[in-house]
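These notes concern the structure reproduced below.
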Amino acid sequence: MHIIDSHTHVDEYEAFGWFDPPEVIIELLDEAGIEQAVVMTYADAPVLKSDALQYIHDACQRYPDRLIPYARINPHANNAAALLEEAIVDLGMKGLKIHQESVTASAHHKAVVSLVKKAATFNAPALFHSGDEPLSLPQQFARLAEEAPEATIILAHMGGYHHTDDAIRVCEKFDNLLVDTSACPYPHKIKVAIERLGAHRVLFGSDGPGCNPKLELQKIRRIELSEKEQQLILHDNIMSILEEVRHRVPGRRPH
Amino acid sequence: MIIDGFTMVGTSINGYQLTAEELLASMSSNGVDKSVIVPVQPKTYRLEPQNEAVAVTQLRYPDRFIGFCRIDPRQGEDAIAELRRCVLQLGLRGLVLHPMEEGYTINDAPAIRLVREAGFLGVAVIVAAGYPWVSHASQIRSVAEQAEGTTIIMSHGGQINISGLAQADAFLALETCGNLHIGTNGVYRQDFLEECIDAFGPERVLFTSMAPVFHQGFERDRVRSIKMKESDRPLVLGDNMTRILEDASKTAYEPISRVKESHSGPVVRDQKPLNKERR
Chain H
39 MHIIDSHTHV DEYEAFGWFD PPEVIIELLD EAGIEQAVVM TYADAPVLKS
89 DALQYIHDAC QRYPDRLIPY ARINPHANNA AALLEEAIVD LGMKGLKIHQ
139 ESVTASAHHK AVVSLVKKAA TFNAPALFHS GDEPLSLPQQ FARLAEEAPE
189 ATIILAHMGG YHHTDDAIRV CEKFDNLLVD TSACPYPHKI KVAIERLGAH
239 RVLFGSDGPG CNPKLELQKI RRIELSEKEQ QLILHDNIMS ILEEVRHRVP
289 GRRPH
Chain A
22 MIIDGFTMVG TSINGYQLTA EELLASMSSN GVDKSVIVPV QPKTYRLEPQ
72 NEAVAVTQLR YPDRFIGFCR IDPRQGEDAI AELRRCVLQL GLRGLVLHPM
122 EEGYTINDAP AIRLVREAGF LGVAVIVAAG YPWVSHASQI RSVAEQAEGT
172 TIIMSHGGQI NISGLAQADA FLALETCGNL HIGTNGVYRQ DFLEECIDAF
222 GPERVLFTSM APVFHQGFER DRVRSIKMKE SDRPLVLGDN MTRILEDASK
272 TAYEPISRVK ESHSGPVVRD QKPLNKERR
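Chains as they are written, first to last, in this note's numbering: chain H, 39 to 293; chain A, 22 to 300.
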């Protein structure tokens with residue numbers, strides 16, 4: 039089965055102490071038997087890392103058959119919308135990543151909503167951190183989901199350690215919310231998410247290379263899923279999202 | 022010898038449950054030889070009968086289970102007495118503190134006193150660690166500094182934060198307190214475990230599943246996935262826990278004089294230390 043890891047990182051960012059050039063994730067993907075991975079930086083453009091978009095673009099250019107770029111952008115930046123447009127139209131990126139703790143804004147902050155709606159104009163998904171931290175709580179996504187019903191919004195980590203049930207509950211309420219399995223420490227909760235949301239709304243992700251993709255894949259292997267469910271979670275769901283992304287703005291040519 | 026250093030047996034008020042027989046089945050299917058078993062918080066809120074149940078289970082399956090007691094430090098003198106009862110009379114081999122479920126802060130005076138008492142008795146303490154308000158690594162570090170004679174194991178790698186933002190504090194705690202160790206259950210980022218092993222040695226990391234909250238088999242997978250020297254992996258998988266239990270037994274009597282010096286409250290010195298005899 040062709041597997042796509044929908045959540046990994048490539049970055050060399052001294053402040054966080056995480057040095058993961060593209061070769062690191064490629065090696066781990068090979069170990070795990072994973073063909074492709076969505077990648078993003080640890081640091082947000084343009085505030086923490088001014089060249090973050092170019093960096094991730096260059097990394098993917100080195101492994102065009104393996105790595106799929108998302109743009110990690112701070113919504114508070116004055117040029118956030120322009121950066122996202124540049125990333126998708128000119129650099130061929132496939133999605134937006136926002137980490138609320140990193141950008142100090144909850145999912146319903148107006149700057150976040152605005153950028154997510156911008157992503158939706160390209161049919162590009164918005165991948166969010168979700169967990170137990172004050173700006174990342176799953177129920178905070180309800181307002182965003184209401185304000186941007188046209189957007190595809192993915193809650194990474196399924197609510198972390200103590201908000202997994204909340205992540206499933208909020209996704210039950212809003213059809214445009216999905217979850218990814220990355221770093222979720224509970225295999226049985228992934229099973230619950232599949233039962234309550236449907237396999238079509240659960241994406242396999244690892245949050246590698248810090249979280250080992252092979253281990254993360256074990257979670258999916260350990261829960262008893264049908265072949266069809268595995269196909270959706272490990273490949274089809276993310277592929278169908280990525281295929282819908284439009285890399286053009288009416289009336290504007292790519293640079 | 023593969024030892025799961027932290028499991029919980031019973032029906033918890035917090036919505037999870039695990040019987041001894043279910044745990045044995047899980048151990049068999051996941052290649053775990055022994056498990057440390059700990060009481061859950063029951064619906065009655067009373068931990069003492071749970072400690073007795075764990076002692077009975079340990080006696081029933083002495084080759085498979087190592088019993089630790091669970092105590093709420095806010096019981097004050099009664100908590101100290103319960104620890105001594107559990108170790109000296111019931112033969113339990115360690116103490117577990119779960120500040121999140123019981124509802125106290127790990128570095129409040131009653132908890133520190135209980136941790137020190139565990140050291141005097143020669144038993145290790147597992148702390149359900151990483152809960153930001155009650156058992157953050159920086160708070161446990163403070164406890165460890167005030168209870169240098171006690172071996173303390175922090176569950177969750179000492180950090181529950183799926184951004185990785187608590188790792189620095191867990192790392193600092195390990196760096197500054199040689200009596201601190203970490204359990205592997207649920208740790209965010211396997212490379213954190215690898216960095217800890219590189220920095221502090223494989224002796225400071227122990228396989229813990231915290232089943233049934235976490236899946237014992239998947240947590241076993243987690244340890245298997247750590248990139249480390251294969252010759253060191255047995256330490257993490259069980260030898261460290263064996264050493265901690267043995268080390269504790271060696272020092273069980275020595276600190277009794279310190280107990281006399283340290284406590285003005287009632288101390289049951291005339292009780293026979295059954296755990297020493299058992300060994």
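Positions of the beta carbon are idealized from the N, C-alpha and C atoms, including for glycine. Since the model is a prediction, treat every value here as computed from it, not as a measurement.
Chain-ordered, the chain A residues with CB closer than 7 Å to the CB of Q256 of chain H read F239 and D242.
Under a 10 Å Cβ-count criterion, E188 of chain H is classified as exposed, with fewer than 16 other Cβ atoms of the shown protein chains found around its own Cβ.
Close to N250 of chain H, with beta-carbon spacing below 7 Å, are these residues of chain A in chain order: Q211 and S246. Boundaries of the alpha helix (DSSP H) harbouring I218 of chain A: Q211 to F221, taken from the DSSP string. Contact between L253 of chain H and R105 of chain A is ruled out by a C-beta separation of about 41 Å, above the 8 Å threshold. Assignment of beta-bridge partners to P60 of chain A by DSSP yields A:V30.
The alpha-carbon separation between A118 of chain H and L193 of chain A amounts to approximately 36 Å. Taking a beta-carbon distance threshold of 8 Å, H119 of chain A does not count as an interface residue toward chain H.
Here E171 of chain H is buried: its Cβ has 16 or more other Cβ atoms, across all protein chains shown, within 10 Å. Under DSSP, Q38 of chain A forms a beta bridge with A:T32.
When secondary structure is reduced to three states using DSSP, A125 of chain H falls in the helix class. Among the CB atoms of chain H, one or more fall inside 8 Å of the CB of S184 of chain A. A distance below 7 Å between beta-carbons, with the five flanking residues on each side excluded, links A205 of chain H to the following residues of its chain, in chain order: S168, P176, L193, M196, G197 and V217. Among the residues of chain H, those whose CB is under 8 Å from the CB of G207 of chain A are Y199 and P223, following chain order. Under the Cβ distance rule, L253 of chain H counts among the residues neighbouring chain A, one pair being separated by less than 8 Å.
Spanning the alpha carbons of A70 of chain H and T46 of chain H requires a straight line of approximately 13 Å.
Residue state for Y93 of chain H is assigned as helix, using DSSP reduced to three classes.
Segment contact: the region 242 to 251 of chain H against the region 52 to 66 of chain H, three or more CB-CB distances shorter than 8 Å; contact assigned.
The region 56 to 69 of chain A and the region 29 to 48 of chain A touch, with three or more beta-carbon pairs separated by less than 8 Å. Scanning chain H for C-beta atoms nearer than 8 Å to the C-beta of I23 of chain A yields nothing, as the closest lies near 17 Å away. By the Cβ test, the region 120 to 130 of chain A is not in contact with the region 96 to 103 of chain A, since fewer than three Cβ pairs between them sit closer than 8 Å. Inclusion of N200 of chain A and I173 of chain A in the CB contact set at 8 Å is warranted, their separation being smaller than that value. A distance below 6 Å between beta-carbons, with the five flanking residues on each side excluded, links A132 of chain A to the following residues of its chain, in chain order: P94. Shown here, P107 of chain H sits in a strand according to DSSP, grouped into three states.
Residue environment analysis places S49 of chain A among the exposed positions, since fewer than 16 neighbouring C-beta atoms fall within 10 angstroms of its C-beta.
The C-beta separation of V144 of chain A from L116 of chain A comes to about 6 Å, placing the pair in contact by the 8 Å criterion.
Under the DSSP assignment, F54 of chain H falls outside any beta strand (DSSP E); it carries neither an H nor an E label. Cβ-Cβ distances below 8 Å link G185 of chain A to Y209, R210 and F213 in the same chain, with the five nearest sequence neighbours on each side left out; the list follows chain order. Taking each of A:M121, A:T171 and A:R114 in turn and checking the Cα distance to G26 of chain A, the smallest one comes out for A:R114. Per DSSP, reduced to three states, the secondary structure at V240 of chain H is strand. In this structure, L68 of chain A lies away from I87 of chain A, with their beta-carbon atoms at least 8 Å apart.
For the region 126 to 148 of chain A, the beta-carbon criterion of a distance under 7 Å to any beta-carbon of chain H is satisfied by none of its residues. When A:R264, A:C90, A:F89 and A:L256 are compared, the shortest CA-CA separation from F228 of chain A is found for A:L256.
For R181 of chain H, there are no neighbours in chain A by C-beta distance under 8 Å, as the nearest C-beta there is about 21 Å away.
Contact between R284 of chain H and N161 of chain H holds: their C-beta atoms lie close to 5 Å from each other, under 8 Å. Under the three-state reduction of DSSP output, A164 of chain H falls in the strand class.
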